[in-house]
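The listed protein sequences derive, respectively, from chains D and U.
When you line the first sequence up against the numbering used here, it's residues 1017 to 1382, in that order.
When you line the second sequence up against the numbering used here, it's residues 1017 to 1382, in that order.
Reading through the structure tokens given below for one structure.
Protein chains: 2
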Amino acid sequence: MVPAPPSPSAFTFSEDGILACLAGHFPQTHPSLLLGRGDDCAVLKAGRPLCVSSDLFLEDIHFRRSYFSPEDMGHKALAVNVSDLAGCGARPLGFTLCLGLPDWVDMAWLDCFFGGMAALAGQQRMALAGGDLSRCERLHISVTVWGETAEPGGFLARGGSMPGDSLFVVGRLGLARVGLHVLEAQGRAALADWPAACAAHLRPEPQVDAGLMLARAGYNARPPALMDLSDGIIRDLPRLLGLSGELRAGADGQPPQQNQGQNPGQSQGLGAAILLPQGLLHPEVLRYAQEQGKNPVHEALLGGEDYALLGSCAPDMLPSLHAAIPGFCSIGTITAGGGITCNNEPLDRLSGFDHFEAGARGKKAD
Amino acid sequence: MVPAPPSPSAFTFSEDGILACLAGHFPQTHPSLLLGRGDDCAVLKAGRPLCVSSDLFLEDIHFRRSYFSPEDMGHKALAVNVSDLAGCGARPLGFTLCLGLPDWVDMAWLDCFFGGMAALAGQQRMALAGGDLSRCERLHISVTVWGETAEPGGFLARGGSMPGDSLFVVGRLGLARVGLHVLEAQGRAALADWPAACAAHLRPEPQVDAGLMLARAGYNARPPALMDLSDGIIRDLPRLLGLSGELRAGADGQPPQQNQGQNPGQSQGLGAAILLPQGLLHPEVLRYAQEQGKNPVHEALLGGEDYALLGSCAPDMLPSLHAAIPGFCSIGTITAGGGITCNNEPLDRLSGFDHFEAGARGKKAD
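Here you go:
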């Protein structure tokens, strides 16, 4: 599907040279495009509704060059966006790419970066439809993806959970967090001892197939509530339940209530009772927690960059979803209030990460 | 259409606070959205084909804080993207916004920034459908826009010009370039003496209505070739004619021929004979060129950030387009080869700007 890229030495490092290198990695045509790159806009064929999402991927905020290879950066910058499509149960179709490139970038680096991104785009059959290039002090990547809703089915959203629903995840919890910590401490030397954790952080695999199967399961039934886990269950579960985030802030311009220091969900309509036995966690998460004297379940709940799926569904859907979706894992029940608990312990002593809270600035996001 | 924004002092400077401030400026619902912000993806209603485009807007590369007000930045970051939709003859529908925010940003600043952006979004009836927030060393804005193709009509693209076609522009040439130069030299004090030039640089007005009228003119006729002018006629006209840029690089991965130091278009299939009398130029362009001892027509051709439209059409379309489109201006003829000339002078002594050419780095893009 992707033509063999030309040698990077064939290009001068000019805008035209960069675009020609890119053309070697990303096909210009795609069944979902009426007009590809190179014009003011790309033109998308319309038919089924489209899901769209944008994410930033910034040097020293979201990744470090010291332990991300250029292929890793290309892969992950696209993967974190594709994960948002998976969280809506959508099939990826295409993306745009904005690149801010510092002085140290050369054509060989770009060729590897595009190669890592093109491998995932080819696997997901996504078209690169456009974008922008600029100089920048630090490497800056922003990607916008779109995909079509499942057929039969439709898109899956947050906010539709009901008391008694089963809570589930697809994918590993806390493994990417361990990867971040060991990579920060040891650099790429950590890959020898923590291969799965490092891979989870450097090369997350978005759960596209699982999202599509969940969307199809919602056809002729009450659809599952679904989201992708990017900030850890502790921050993302209240968003799934509509207790925080912009779904809750709504369009009235009123600030959402702050839950800092409170049990998220307390005094709200919905809660959750999570059951997360240690046996569900990856051996590297258990080993890391033991070495650090930490509670492995807490590490899994704090998570961050899991790019797993988190959802809820009617309990009678569980058997067929378990059978159909590799990695599908039931982790508890939605409750009518009562806050969020895990293994009968209230979650008021843990908190997730906010890029903008006082004291958070200048720290690596985790 | 846009509800009155709440006072910024109502919000803590947290991610939730920023999102709530944003919710006060940008409505959550829109006829073209099945699902708005706050989920993994927004979901777009599909029907007619969609045009999509992404652009970066970076501090000290694309704008300077010393003379851009926060409202100016909000306006221009969206306007340069909307101009790409205009260049395809599309009607704007929505956008996503990725923001990298440095430490100096506070809620009052954000409120003004969102206000400038929301005013243009409201004028163009565009929905903010999603995006991402992060910390960043310098202010970083990337926007992805989409719009639907005209009805009746379709999208307009580059590359369809034929010998004998009329070349046209809609909008001012070189005025934003003058604005950049006087703002760089004098800061906002320049607004007193150069009000039109400064406005053209700080608050470009995308030619959406003209683009839609041109698209409708292409219904039941050979459609005009069209693009938006962001890098100056000298760089953009070869792109319109398919002589440079990614349209020419194509999907074969071969590097495009370099035209540096040559007359763009020489030995290619198409050329253009531009006729640009000084009388067509804005008085501030003429005055600036006179003060600087420069040729005002060369300044207009170098342009940069004009956000005018550049196109070509069959000559028999001219009378109706002149009558229907304010600011429509015929500026010459497409030729069968012969390079590009302006007022009978070959354009081989002028060149546009490439962010990545040797020597260009570290300079302000102009």
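All C-beta atoms, glycine included, are put in the ideal place defined by N, C-alpha and C.
None of the values given here were measured: they were computed from a predicted structure.
Item	Value
Quick one: complete alpha helix (DSSP H) runs, 4+ long, within the stretch 1138 to 1220 of chain D?	1191 to 1202, 1206 to 1209, 1211 to 1218
With distances taken from CA atoms, which of D/Ile1157, D/Leu1094, D/Ser1099 is nearest U/Cys1114?	D/Ile1157
Tell me, to the nearest whole angstrom, how far the beta carbon of D/Pro1331 is from that of D/Ser1182; I am working on the premise that it is less than 8 Å.	5 Å
Would DSSP call D/Leu1363 helix, strand or coil?	coil
Would a C-beta distance cut-off of 8 Å place D/Arg1385 and D/Leu1256 closer than the cut-off?	No statement about residue 1385 of chain D is possible, as the shown extent of chain D runs from 1017 to 1382 and does not include it.
Distance check for D/Asn1311 and D/Pro1362, CA to CA, integer angstroms please.	15 Å
Using 8 Å as the Cβ pair cut-off and three pairs as the minimum, do the stretch 1040 to 1053 of chain D and the stretch 1122 to 1134 of chain D touch?	yes
Taking the alpha carbon of D/Ala1143 as the reference point, which residue from D/Phe1184, D/Pro1047, D/Gly1103 has its own alpha carbon closest?	D/Pro1047
May I ask you to list the residues that DSSP assigns as paired with D/Glu1075?	D/Phe1079
Check the Cβ of D/Phe1171 against every Cβ in chain U and list those closer than 7 Å, keeping chain order.	Leu1051, Val1059
In the DSSP assignment, what residue or residues form a beta bridge with D/Val1059?	D/Leu1051, U/Cys1067
Could you check the C-alpha separation between D/Val1198 and U/Val1186 for me, to the nearest Å?	57 Å
Ends of the beta strand (DSSP E) at U/Leu1117?	1106 to 1117
Would you mind giving the Cβ-Cβ distance between D/Val1161 and D/Ser1069, rounded to the nearest angstrom? I have them listed as a contact below 8 Å.	6 Å
For the stretch 1065 to 1083 of chain U, list every residue whose C-beta sits within 8 Å of some C-beta in chain D, in sequence order.	Pro1065, Leu1066, Cys1067, Val1068, Ser1069, Ser1070, Asp1071, Leu1072, Leu1074, Ile1077, His1078
Is it buried or exposed for D/Trp1210, if we count other Cβ within 10 angstroms and need 16 for buried?	buried
Once you ignore the five residues that flank U/Arg1204 on each side, which residues in its own chain have a CB closer than 6 Å to its CB?	Tyr1083
Can you tell me whether U/Asp1032 is buried or exposed, with buried defined as 16 or more other CB within 10 angstroms of its CB?	buried
Since D/Leu1101 is in the alpha helix (DSSP H), which residue starts that stretch and which ends it?	1086 to 1103
So, is the C-beta of D/His1217 closer than 8 Å to a C-beta in chain U?	no
Label D/Ala1208 either buried or exposed according to how many other C-beta atoms from any shown protein chain fall within 10 Å of its C-beta, with 16 as the threshold for buried.	exposed
Where does D/Asp1322 fall in DSSP's three states?	coil
If you reduce the DSSP assignment to three classes, tell me which class U/Ala998 lands in.	Chain U is shown only over 1017 to 1382; residue 998 of chain U falls outside these bounds and no answer can be derived.
Using 8 Å as the Cβ pair cut-off and three pairs as the minimum, do the stretch 1300 to 1310 of chain U and the stretch 1222 to 1231 of chain U touch?	no
Report yes if the CB atom of U/Cys1128 is closer than 8 Å to the CB atom of D/Leu1101, and no otherwise.	no
Note down, in chain order, every chain U residue with its Cβ under 9 Å from the Cβ of D/Cys1152.	Leu1072, Leu1074, Ile1077, Arg1154, His1156
Does any C-beta atom of chain U lie closer than 8 Å to the C-beta of D/Gly1147?	yes
Just grab the DSSP bridge partners of D/Cys1329 for me.	D/Ser1182
Are the CB atoms of D/Ala1352 and D/Leu1286 nearer to each other than 8 Å?	yes
Would you call D/Pro1168 buried or exposed, if buried means 16 or more other Cβ atoms sit within 10 Å of its Cβ?	exposed
State the DSSP-derived secondary structure class of U/Gly1266, mapped to helix, strand or coil.	Per-residue confidence for U/Gly1266 stands at a pLDDT of 37, beneath the threshold of 50, marking its modelled position as unreliable; no derived number is given.
With 16 as the cutoff for other CB atoms within 10 Å, does D/Pro1222 come out buried or exposed?	buried
Taking U/Gly1063 as the reference, which of U/Met1243, U/Ala1093, U/Leu1050, U/Leu1318 has the closest Cα?	U/Leu1050
Confirm, please, whether the CB-CB distance from D/Phe1079 to D/Asn1097 is below 8 Å.	no
Which of helix, strand or coil does DSSP assign to D/Leu1228?	helix
In chain U, which residues lie less than 7 Å from D/Ser1260 when you measure between Cβ atoms?	Asp1032
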